[in-house]
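Engineer: Residue numbers (full-length UniProt numbering): 1 to 171.
Idealized CB from N, CA, C, for every residue including glycine.
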Amino acid sequence: MSLLSFSWVDYKVQILTWSSFRPSEFNNQPRKPLQRRFQMATSTLLLLFKSISIIFGVSTVITGIQALLNPIAFSKTFGITVPKEKDTPILRSYITLMATRQLATGTSVLLLARIGHYISVAYILMVAGIIVAGTDGVFIAKNGSVKMGIVHAGPGFVIAAVAAATIWLEG
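1) Between F74 and T63, which are expected to be in contact by the criterion C-beta below 8 Å, what is the C-beta distance as a whole number of angstroms?
2) State the DSSP-derived secondary structure class of P83, mapped to helix, strand or coil.
3) Classify L125 as buried or exposed, calling it buried when 16 or more other Cβ atoms lie within 10 Å of its own Cβ.
4) By DSSP, does I65 sit in helix, in strand, or in coil?
5) State whether the region 139-153 contacts the region 78-87, with contact taken as three or more CB pairs (one from each stretch) at a distance under 8 Å.
6) Tell me whether G154 is buried or exposed, calling it buried when 16 or more other Cβ atoms sit within 10 Å of its Cβ.
7) Keeping to the same chain, check which residues put their C-beta closer than 7 Å to that of L68; ignore five residues upstream and five downstream.
8) Hey, out of A141, T135, Y118, A104, whose CA is closest to G171's CA?
9) For the alpha helix (DSSP H) containing I150, name the first residue and the last one.
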């Protein structure tokens, strides 16, 4: 049994502790230090990715709800402040559409994480981190604040990198 074992029948991930390993479980061969470090790095990456996934899912659901309830306040936290004189029903509708995007993404990530489909979550977050956060960051920097653009795109690229590493090691 390995540190990280996937059962492709029911798609569940099981992380074991180091105390439960015996060298005899690995083809009766003693464990090599490099293999042990690689397995430890893999389990640490998966734990980090799971944490990022849950935080991302919860935060996108919360910001989606905020955008539905108070679109103008959401636009400020997003990085593009809408002046009161330019507040129109069309603009509020657009912000509401952004809210549904947030809710859909967050709910999808949380549901897939709940059933243990972390590789699927990794693909979603890799695409969202590169395309969505990158594009949002560019437009926020051009039309709002450069600082908020970087704050928005930077974590998106980090999330995408962790997701890509998870796919590479586990997928």
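Structural biologist: Reading it off the structure:
1) 7 Å
2) coil
3) buried
4) helix
5) yes
6) exposed
7) T96, A99
8) Y118
9) 146-170
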